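Have a look at the structure below, then the notes.
2 protein chains.
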Amino acid sequence: MKLEAAFGLSRYMSQPDCNDSMSGSRRGEGSLTRIKCQGCAVRTASLCSEVSDECANAIGRAFHRRRVPAGQVIYSSDQKNKIFAVVISGVVKLTNVRPDGRQQIVGLQFPAEFVGRPYSGTSNLLAEAASNLELCCFSGDAFEAIMRRYPELEGALLKRTLDSLDNAREWMFMLGRKTAHERVASLIYMIAERLTHPGNRKEPMETCRFESPLSRTEMADCLGLRLETVSRQLALLKAKGVLASSRNRTFDVRSMSELRRWSESPVE
Amino acid sequence: MKLEAAFGLSRYMSQPDCNDSMSGSRRGEGSLTRIKCQGCAVRTASLCSEVSDECANAIGRAFHRRRVPAGQVIYSSDQKNKIFAVVISGVVKLTNVRPDGRQQIVGLQFPAEFVGRPYSGTSNLLAEAASNLELCCFSGDAFEAIMRRYPELEGALLKRTLDSLDNAREWMFMLGRKTAHERVASLIYMIAERLTHPGNRKEPMETCRFESPLSRTEMADCLGLRLETVSRQLALLKAKGVLASSRNRTFDVRSMSELRRWSESPVE
DNA sequence: GCCCCGAGTTGATCGGCATCAAAGGCTCAA
DNA sequence: TTGAGCCTTTGATGCCGATCAACTCGGGGC
Numbered sequence: 001m002k003l004e005a006a007f008g009l010s011r012y013m014s015q016p017d018c019n020d021s022m023s024g025s026r027r028g029e030g031s032l033t034r035i036k037c038q039g040c041a042v043r044t045a046s047l048c049s050e051v052s053d054e055c056a057n058a059i060g061r062a063f064h065r066r067r068v069p070a071g072q073v074i075y076s077s078d079q080k081n082k083i084f085a086v087v088i089s090g091v092v093k094l095t096n097v098r099p100d101g102r103q104q105i106v107g108l109q110f111p112a113e114f115v116g117r118p119y120s121g122t123s124n125l126l127a128e129a130a131s132n133l134e135l136c137c138f139s140g141d142a143f144e145a146i147m148r149r150y151p152e153l154e155g156a157l158l159k160r161t162l163d164s165l166d167n168a169r170e171w172m173f174m175l176g177r178k179t180a181h182e183r184v185a186s187l188i189y190m191i192a193e194r195l196t197h198p199g200n201r202k203e204p205m206e207t208c209r210f211e212s213p214l215s216r217t218e219m220a221d222c223l224g225l226r227l228e229t230v231s232r233q234l235a236l237l238k239a240k241g242v243l244a245s246s247r248n249r250t251f252d253v254r255s256m257s258e259l260r261r262w263s264e265s266p267v268e
Numbered sequence: 269m270k271l272e273a274a275f276g277l278s279r280y281m282s283q284p285d286c287n288d289s290m291s292g293s294r295r296g297e298g299s300l301t302r303i304k305c306q307g308c309a310v311r312t313a314s315l316c317s318e319v320s321d322e323c324a325n326a327i328g329r330a331f332h333r334r335r336v337p338a339g340q341v342i343y344s345s346d347q348k349n350k351i352f353a354v355v356i357s358g359v360v361k362l363t364n365v366r367p368d369g370r371q372q373i374v375g376l377q378f379p380a381e382f383v384g385r386p387y388s389g390t391s392n393l394l395a396e397a398a399s400n401l402e403l404c405c406f407s408g409d410a411f412e413a414i415m416r417r418y419p420e421l422e423g424a425l426l427k428r429t430l431d432s433l434d435n436a437r438e439w440m441f442m443l444g445r446k447t448a449h450e451r452v453a454s455l456i457y458m459i460a461e462r463l464t465h466p467g468n469r470k471e472p473m474e475t476c477r478f479e480s481p482l483s484r485t486e487m488a489d490c491l492g493l494r495l496e497t498v499s500r501q502l503a504l505l506k507a508k509g510v511l512a513s514s515r516n517r518t519f520d521v522r523s524m525s526e527l528r529r530w531s532e533s534p535v536e
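What follows is the structure, given as structure tokens:
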């Protein structure tokens, strides 16, 4: 018997704010979590995999699945009710937006990664669905209660936050010191790597093909460039044979090693 | 009787690698930590203030004080023995350096802040003393042992790591979207704020004066600019009356509110 | 088929910061 | 006092990416 069927995609409603009716607060024996999470595509890579069974059960009792269409806001700093989530599929973008209209994408959360800001900080970020999403969501209260009860969860979050910080600092180098050509190559390389190996870091395939979660404007907002510049640099990479010509959002990487090389050498 | 005297600056040796002889592993009753940490300038703001007495005692038993002269490396990614520390005084810079010579400063750690990367990640950072430092140091083994024994420490670290991530993301906006003029104003504002209010965030004074921990080259490496550009933008800020003319590393801010305004508006 | 609309591409020009160059100022030592 | 060496400032010029503008492409509605 396939347990996935009972929790498969067909059960999700298309309304963005509807919760899966099987989730919620019904008290469960230990095996409930096992059943609920069995079909989860990211269960071996997400933070749930790092905590004790008891903590995992508490998580299993509190989450609800949610689908979010591309473009919809997941949270913004001006709303009070916090939300936390693990990305099941799709990509979340974190944007720093200013009153004068300038904006910078400061983070992308891929499947198995965590979304949300515990201990409300000073940051002023907007989290949006870059593509259609499936999320494993927690209300702020529920998640914080679990965190207080199971400090090990803080440890798991700490590891992931440190990884995010490493990523952010790598990105800072790009924003401060790389040329436009390197930036575009870096972004495509990063997306290819993280889309094809969610959660863990393996050697990437030499060729790959994927749908970009980002438009040209969004790529530019990631890279500190304008969309015209992104477009030109993509044309250059195609001319070099690193990318194959394909439709707008479809990327066809012919050589990941070449792409990586271009992402680190300033000359054209 | 002044306890500070017993642990005052006069006891520090000038050799960078010498440890304070009073620190170390002598088993202590609860009050030992209280005595050792009593004179600590950052004890109310650092992460030690957020943990239980028992955990604080374990920390108190494990640390050693260390002075580090400006310019010296604290840790680099190629060395295996890890180190962790709380900054007592001075500023630590975290630099992302590449083989081709390009570099970007991706973090500054001020007094009361934490230095070190638990759970060794993928990042390739160099931590150096930007100014003369006093550190409260832990060996990698000692610190990780305490962390395993007292998970609450992970919670305290999580809070600080999340704050660092917020800071990094704010900095990413600067690197991606601000003009040279805004960048220089942002940096001076940030340094002034953090130097004059170590640890906590209050409204800054309208005027202030401080010694910069950074040379022009280092400021440029923070901002993704060249040192000549930094110099020109500083001249502009002086011409506007936001900064008063003073010697190279002495900054004399005449109006923090004006400085903040210039750090957010793209026009000159 | 038709138009419309938004996203992306390509071209022409502009401007801000980098780059190259030289001079000023401070510290230290002889 | 003088000169060396380093950091910083200031000036002249050039280039990369921004900006403005026109065009192409593809999809959807009628």
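Chains as they are written, first to last, in the numbering used here: chain A, 1 to 268; chain B, 269 to 536.
Note that CB positions come from ideal geometry on N, CA and C, so glycine has one too.
Small disclaimer: the values here were computed from a predicted structure and weren't measured.
Excluding sequence positions up to five away, which residues of its chain have a Cβ less than 7 Å from the Cβ of residue i?
| i | result |
| --- | --- |
| E438/B | none |
| R462/B | F378 |
| S499/B | R484 |
| A156/A | L47, E50, V51 |
Would you verify that the beta carbon of residue i is, or is not, closer than 9 Å to some beta carbon of chain A?
| i | result |
| --- | --- |
| Y387/B | yes |
| G408/B | no |
| D431/B | yes |
| P472/B | no |
| E533/B | Rather than Glu, the amino acid found at residue 533/B in this sequence is Ser. True, the Cβ-Cβ gap to chain A drops below 9 Å. |
| E420/B | yes |
| L491/B | yes |
| L495/B | no |
| D346/B | no |
| K350/B | no |
| L426/B | yes |
| D368/B | yes |
Any beta carbon from chain B within less than 9 Å of residue i's own beta carbon?
| i | result |
| --- | --- |
| V51/A | no |
| A168/A | yes |
| G90/A | no |
| K36/A | no |
Taking the CB atoms as reference points, tell me whether residue i and residue j lie closer together than 9 Å.
| i | j | result |
| --- | --- | --- |
| T161/A | L493/B | no |
| V42/A | I74/A | no |
| A85/A | L125/A | no |
| L108/A | A130/A | yes |
| L443/B | L175/A | yes |
| G101/A | D434/B | no |
| R177/A | R445/B | no |
Give the residues of chain A in contact with residue i, contact being defined as C-beta atoms less than 8 Å apart.
| i | result |
| --- | --- |
| M440/B | N96, Q104, V106, A168, W171, M172, L175 |
Run through chain A and tell me which residues come within less than 7 Å of residue i, C-beta to C-beta.
| i | result |
| --- | --- |
| T390/B | D166 |
| G423/B | P151, E154 |
| L394/B | Within 7 Å Cβ-Cβ: nothing; L394/B doesn't reach chain A, min ~12 Å. |
By Cβ distance below 6 Å, which residues in the same chain neighbour residue i in space, the five residues on each side in sequence not counted?
| i | result |
| --- | --- |
| N516/B | none |
| K36/A | G60 |
| I373/B | K361, T363, D489, C490 |
| P472/B | E461, M524 |
| E258/A | V242 |
| T447/B | P534 |
| N132/A | P69, A70, G90 |
| F406/B | A330, F331, F352 |
| S212/A | R249, F251 |
| E113/A | V87 |
| I191/A | none |
For residue i, which residues in the same chain have their Cβ closer than 8 Å to its Cβ, ignoring the five residues on either side in sequence?
| i | result |
| --- | --- |
| W262/A | H181, E182, A185, L237, K240, V242 |
Quiz prompt | Complete beta strand (DSSP E) runs within the segment 374 to 443 of chain B (minimum length 3 residues, chain order) | solution = Taking only runs of at least 3 residues, the beta strand (DSSP E) segments lying wholly in the segment 374 to 443 of chain B are 393 to 397, 401 to 407.
Self-check item: Within the segment 23 to 98 of chain A, ranges of the alpha helix (DSSP H) (whole runs, at least 4 residues)
Solution: 30 to 38, 53 to 62
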